[in-house]
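Step one of this worksheet: look at the structure below.
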Ligand code: BMA
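Laid out in structure tokens, this is it:
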């Protein structure tokens, strides 16, 4: 099983822009009301990450807004807003994103070069104007968080990463996330010397609901730091239960725009919308451009069940 790569990137940095002239990568993408919507991470002259918006009729040709739709607003995100993942819940857009700031909100040592990261949630009724609503946790090394597309057992649910493990969290209102409602789900396969994901793992896009369980596409790497994608199948009503986790990866850097770039050997995805039975995996290549790879949902599920 391997994802099929579109022959060229679908979005490139814009050399005429101050905020997206260097890198565009790691987009959220959804198909909604007959259009493809993309929210993507971008870096320009000041190297601060912002979120831009683009819209498309076919998922390949994108029209972008001239200005970003989400930008840093205080010390908790002054170094950038990163890696958006978007889901529609109760008719409202919710974006999970990583705030990277000079302010560290925990006790003890900063987690990242003088500051810290915060797994944030923002909401929007139109996809353009966004309002931050909550953080899943504060003051720890935690990112790669993504909301499930529906309530589970009557509560909202999210995956997040309390390194090195992926955790599940429940909330009644998407605002309050209590530590006692968080459970570890899976981690790197450290005991397996050949595993591609033996050093680090994290979630990709919104979990895909199937009759067999929640199908997750995830990412990971070993000591070589080459980012690859794999799949994990979680129980529908109790997603702390891992049902399947095939050993082999389904996608890895091969093209020049993935092997090189701002960060080499990176494919990193925050989106896997399913349209007409096809999974569209949008991803950042080399933290520099946006690519697309696809597969049939049936094939991906059959592969997950074989693991
Ligand atoms: C991760 C994230 C991603 C990035 C990747 C590779 O930690 O920050 O945004 O694509 O590293 O640099």
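In my numbering, the protein residues as written are 1409 to 1715. We put the beta carbon where it would ideally sit given N, CA and C, even for glycine.
Would you call residue i buried or exposed, if buried means 16 or more other Cβ atoms sit within 10 Å of its Cβ?
{"i": "residue 1516", "result": "exposed"}
{"i": "residue 1521", "result": "exposed"}
{"i": "residue 1633", "result": "exposed"}
{"i": "residue 1441", "result": "exposed"}
{"i": "residue 1661", "result": "buried"}
{"i": "residue 1706", "result": "exposed"}
{"i": "residue 1553", "result": "buried"}
{"i": "residue 1612", "result": "buried"}
{"i": "residue 1631", "result": "exposed"}
{"i": "residue 1689", "result": "buried"}
{"i": "residue 1526", "result": "buried"}
{"i": "residue 1534", "result": "exposed"}
{"i": "residue 1562", "result": "exposed"}
{"i": "residue 1551", "result": "buried"}
{"i": "residue 1427", "result": "buried"}
{"i": "residue 1683", "result": "exposed"}
{"i": "residue 1412", "result": "exposed"}
{"i": "residue 1591", "result": "exposed"}
{"i": "residue 1714", "result": "exposed"}
{"i": "residue 1506", "result": "buried"}
{"i": "residue 1416", "result": "exposed"}
{"i": "residue 1636", "result": "buried"}
{"i": "residue 1449", "result": "buried"}
{"i": "residue 1419", "result": "buried"}
Helix, strand or coil, according to DSSP, for residue i in the structure here?
{"i": "residue 1587", "result": "helix"}
{"i": "residue 1717", "result": "Any property of residue 1717 remains undetermined from this structure, which presents the chain solely from 1409 to 1715."}
{"i": "residue 1556", "result": "coil"}
{"i": "residue 1425", "result": "coil"}
{"i": "residue 1656", "result": "coil"}
{"i": "residue 1378", "result": "Only positions 1409 to 1715 of the chain appear in the structure, and residue 1378 is not among them; the question remains open."}
{"i": "residue 1515", "result": "coil"}
{"i": "residue 1491", "result": "strand"}
{"i": "residue 1416", "result": "coil"}
{"i": "residue 1390", "result": "Here the chain has residues from 1409 to 1715 only, and residue 1390 is not among them."}
{"i": "residue 1411", "result": "coil"}
{"i": "residue 1486", "result": "coil"}
{"i": "residue 1565", "result": "strand"}
{"i": "residue 1443", "result": "strand"}
{"i": "residue 1712", "result": "helix"}
{"i": "residue 1705", "result": "helix"}
{"i": "residue 1435", "result": "strand"}
{"i": "residue 1685", "result": "coil"}
{"i": "residue 1692", "result": "strand"}
{"i": "residue 1467", "result": "coil"}
{"i": "residue 1533", "result": "coil"}
{"i": "residue 1680", "result": "coil"}
{"i": "residue 1473", "result": "coil"}
{"i": "residue 1430", "result": "coil"}
{"i": "residue 1675", "result": "strand"}
{"i": "residue 1718", "result": "With the chain covering 1409 to 1715 only, the question about residue 1718 has no answer from this structure."}
{"i": "residue 1540", "result": "strand"}
{"i": "residue 1545", "result": "coil"}
{"i": "residue 1499", "result": "coil"}
{"i": "residue 1452", "result": "coil"}
{"i": "residue 1570", "result": "strand"}
{"i": "residue 1661", "result": "coil"}
Pull up the CB-CB distance for residue i and residue j, whole angstroms please, since I reckon it's below 8 Å.
{"i": "residue 1573", "j": "residue 1625", "result": "Rounded, the Cβ-Cβ distance is 18 Å, inconsistent with contact."}
{"i": "residue 1576", "j": "residue 1648", "result": "5 Å"}
{"i": "residue 1606", "j": "residue 1597", "result": "5 Å"}
{"i": "residue 1497", "j": "residue 1623", "result": "The Cβ separation is near 19 Å, so there is no contact."}
{"i": "residue 1465", "j": "residue 1503", "result": "So it is not a contact: roughly 22 Å between Cβ atoms."}
{"i": "residue 1556", "j": "residue 1532", "result": "Contact flag wrong, Cβ pair sits at about 18 Å."}
{"i": "residue 1701", "j": "residue 1414", "result": "7 Å"}
{"i": "residue 1491", "j": "residue 1678", "result": "5 Å"}
{"i": "residue 1510", "j": "residue 1483", "result": "6 Å"}
{"i": "residue 1571", "j": "residue 1589", "result": "Residue 1571 to residue 1589, Cβ: 19 Å. No contact."}
{"i": "residue 1639", "j": "residue 1654", "result": "6 Å"}
Spell out whether any CB of chain C is found under 9 Å from the CB atom of residue i.
{"i": "residue 1436", "result": "Considering every chain present, this structure includes no chain C. It has just one protein chain."}
| query | Does the count of Cβ pairs from the segment 1458 to 1468 and the segment 1438 to 1446 closer than 8 Å reach three? | reply | In short, these stretches touch, since the Cβ pair count reaches three.
| task | At 3 residues or longer, and completely inside the segment 1574 to 1650: list those beta strand (DSSP E) runs for me, N to C. | result | Whole beta strand (DSSP E) segments, 3+ residues: 1590 to 1594, 1608 to 1611, 1616 to 1618, 1621 to 1629, 1636 to 1642.
| field | Segment contact flag, the segment 1484 to 1497 with the segment 1463 to 1474, C-beta cutoff 8 Å, min 3 pairs | value | In the pairwise beta carbon analysis, the segment 1484 to 1497 is classified as not touching the segment 1463 to 1474: fewer than three pairs are separated by under 8 Å.
| If we count Cβ pairs, one from each stretch, closer than 8 Å, do we get three or more for the segment 1574 to 1589 versus the segment 1597 to 1607? | Contact between the segment 1574 to 1589 and the segment 1597 to 1607 is absent: fewer than 3 CB-CB pairs across the two stretches fall below 8 Å.
| message | Under 8 Å, with one C-beta from each stretch per pair, do the segment 1537 to 1549 and the segment 1657 to 1675 reach the 3-pair mark? | response | The segment 1537 to 1549 makes no contact with the segment 1657 to 1675; the number of CB pairs closer than 8 Å stays below 3.
| task | Would you check if there are 3 or more beta carbon pairs closer than 8 Å linking the segment 1686 to 1698 to the segment 1428 to 1440? | result | The segment 1686 to 1698 is in contact with the segment 1428 to 1440.
| request: Decide if the segment 1666 to 1674 is in contact with the segment 1643 to 1653; the criterion is three or more beta carbon pairs, one per stretch, under 8 Å apart. | output: Segments in contact, no.
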